[in-house]
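Residue numbers (my numbering), protein chains in the order written: chain A, 1 to 117; chain B, 1001 to 1112. Where a beta carbon is used, it is the ideal one built from N, C-alpha and C, also for glycine. Since we're looking at a predicted model, the values are computed, not measured. Everything below concerns the one structure shown next.
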């Protein structure tokens, strides 16, 4: 099956500019996640969607970050305005409801590498 | 806040040797643990998982050990190959939801 798709793969912007990332999850996966991964660190969850509803956005800097998943499939993550410390890899992941004997496994996309100058 | 961390930032082994990557966690409520492998330029890839009601689980060439007494998790890779070179992350979650908390990663380098 096709994996999680993300675009663009790389983005360089200047501080105070805006940027948007796009994610297409694995077909049929109801849950979608956006993570921020700073160089040398593990991914940190920014926001989790269940279909088109937000489940967890407690770690999303809402003054500058926003995300939406209008039709319960694709999602966009936006940063406006960007700061130097936003330089990171932005990972999208998706998962499907677990079976009786399993837990949800999150499948990650390749990420978008953002550099803010 | 509670977090998951790794003891060693880097590990270098010879091809064919066994590798052991360690992880300490602090959230005693965690009940599900996962190891991910992340190659350069790619997203994390699921390797193996273990629930808190188990202390060992084996996969193909990989074994995960869980010691809940000391809140320690390890990943053992048998007969390490050059293709195993990557950053390895442990992640944990609790029964309240599926939010994963990742550690900072161990860079494994396999020397031919």
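List the residues that DSSP assigns as beta-bridge partners of residue 1048(B).
-> As a position in the second chain, residue 1048(B) is number 48, starting the count at 1. In the DSSP output, where bridge partners are listed per residue, residue 1048(B) has 1035(B).
Does the beta carbon of residue 1016(B) sit closer than 7 Å to a beta carbon anywhere in chain A?
-> In the second chain, the residue the question calls residue 1016(B) occupies position 16. It does not; no Cβ of chain A falls within 7 Å.
Who are the Cβ neighbours of residue 1056(B) in its own chain at under 6 Å, not counting the five residues just before and after it?
-> Reading the second chain from its first residue, position 56 is the one you call residue 1056(B). Closer than 6 Å at Cβ, skipping near neighbours: 1065.
For the region 1054-1076 of chain B, which residues have a beta carbon sitting closer than 9 Å to at least one beta carbon of chain A?
-> none
Pair every Cβ in the region 1072-1090 of chain B with every Cβ in the region 80-94 of chain A, then say whether three or more of these pairs are closer than 8 Å.
-> no
Residue 1020(B): first and last residue of the uninterrupted beta strand (DSSP E) it sits in | The count along the second chain starts at 1 and reaches residue 1020(B) at position 20. Segment 1019-1025, the beta strand (DSSP E) holding residue 1020(B).
Under a Cβ-count criterion, where at least 16 other Cβ atoms within 10 Å of its own Cβ denotes burial, should residue 1112(B) be classed as buried or exposed?
-> In the second chain, residue 1112(B) corresponds to position 112, counting from 1. It is exposed - the Cβ of residue 1112(B) has fewer than 16 other Cβ atoms within 10 Å.
Cα-Cα separation between residue 1025(B) and residue 1011(B), rounded to whole angstroms | Here residue 1025(B) corresponds to residue number 25 of the second chain, with the count starting at 1. Here residue 1011(B) corresponds to residue number 11 of the second chain, with the count starting at 1. Near 19 Å, if we compare the C-alpha coordinates of residue 1011(B) and residue 1025(B).
So, does the CB of residue 1033(B) fall closer than 7 Å to a CB anywhere in chain A?
-> Within the second chain, the letter at position 33 stands for residue 1033(B). It does not; no Cβ of chain A falls within 7 Å.
To the nearest angstrom, report how far apart residue 75(A) and residue 32(A) are at their CA atoms.
-> Stepping through the first chain from its first residue, residue 75(A) is reached at position 75. Stepping through the first chain from its first residue, residue 32(A) is reached at position 32. Their backbone Cα atoms lie some 8 Å apart in a straight line.
For the beta strand (DSSP E) that contains residue 67(A), what are its first and last residues?
-> On the first chain, residue 67(A) is found 67 positions in, with the first residue counted as 1. 65-68 is the span of the beta strand (DSSP E), which, as asked, contains residue 67(A).
Partners in chain A for residue 1042(B), counting only beta-carbon separations shorter than 7 Å | Taking the first residue of the second chain as position 1, residue 1042(B) is located at position 42. The answer, in chain order, is 110.
Return the chain-ordered list of same chain residues with a C-beta closer than 6 Å to the C-beta of residue 1107(B), the five sequence neighbours on each side being excluded.
-> Start at 1 with the first residue of the second chain, and residue 1107(B) comes out as number 107. Once the five neighbours on either side are set aside, the close Cβ partners of residue 1107(B) are 1010 and 1087.
Do residue 153(A) and residue 82(A) have their CB atoms nearer than 7 Å?
-> There is no way to answer for residue 153(A), as the model of chain A reaches only from 1 to 117.
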